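**Student:** Would you mind keeping the following structure in view while I ask a few things?
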Amino acid sequence: MFGVTNLGAVLRLVYGELGRDTFELENRDYRDAGRLLSKARDTVAVAGALEELARHVNKQLADPDLKALRNRLRRSKAEQHIDRKQILQVAEALSSARQRVETWPINSDGFPGLRAGLQRLYKRRRANLELTRVEPTTEDLHEWRKKVKYLWYQVCV
């Protein structure tokens, strides 16, 4: 369930304990590692979403253009690969980051160390919801959905 991107969600949860400098260093490294994998992840996600849609509305997807799209996405998914160099870069970045976790300035154990971050982030998501209700554009709804997904990862911690 937890990928490189989800580690950013955890960092935001403990931001108050980490402080700005540590947060920015760690967030940058996790973000950069995630970017190495983003093209493959996006291709798999789009192809998977189309396949899920196809299962629910199979009769409507008889249109030749949609069939061609499905075939192109299937080929793209099959051709998508991450080269060995990228895998080694991500593995090295995560290994280095894991070692740094031991030096994080976390003073609280258990939920008390997470409470303030969780409250802060929940309050922000509620405020984002209110703004999205006022002007529910596609972009605003998408941004709010991503932020709520982050909050979900944080609650799972």
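Add 6 to the 1-based position in the sequence shown for our numbering, that's all there is to it.
The beta carbon of each residue, even a glycine, is placed where N, CA and C say it ideally should be.
None of these values were measured; they are calculated from a predicted model.
Can you tell me the Cα-Cα spacing of residue 92 and residue 38, whole angstroms?
**Tutor:** As a working mapping, residue 92 is identified with position 86 in the sequence shown. As a working mapping, residue 38 is identified with position 32 in the sequence shown. Each residue's Cα considered, the two are about 11 Å apart.
**Student:** According to DSSP, is residue 93 helix, strand or coil?
**Tutor:** Counting from one through the sequence shown, the residue named residue 93 turns up at place 87. Helix, per DSSP.
**Student:** Specify, as a first and last residue, the run of the alpha helix (DSSP H) that residue 48 falls within.
**Tutor:** Counting from one through the sequence shown, the residue named residue 48 turns up at place 42. That run of the alpha helix (DSSP H) goes 26–62.
**Student:** Is it buried or exposed, residue 32, if we count other Cβ atoms within 10 angstroms and call 16 or more buried?
**Tutor:** Taking the first residue of the sequence shown as 1, we reach residue 32 at position 26. Buried, by the Cβ-count rule.
**Student:** For my contact list, residue 137 and residue 19 are in at a C-beta cut-off of 8 Å; report their separation, rounded to the angstrom.
**Tutor:** Taking the first residue of the sequence shown as position 1, residue 137 is located at position 131. Taking the first residue of the sequence shown as position 1, residue 19 is located at position 13. Between residue 19 and residue 137 the Cβ distance is about 22 Å, and since that is not below 8 Å, they are no contact.
**Student:** Decide if the segment 44–55 is in contact with the segment 99–115; the criterion is three or more beta carbon pairs, one per stretch, under 8 Å apart.
**Tutor:** The segment 44–55 vs the segment 99–115: no contact.
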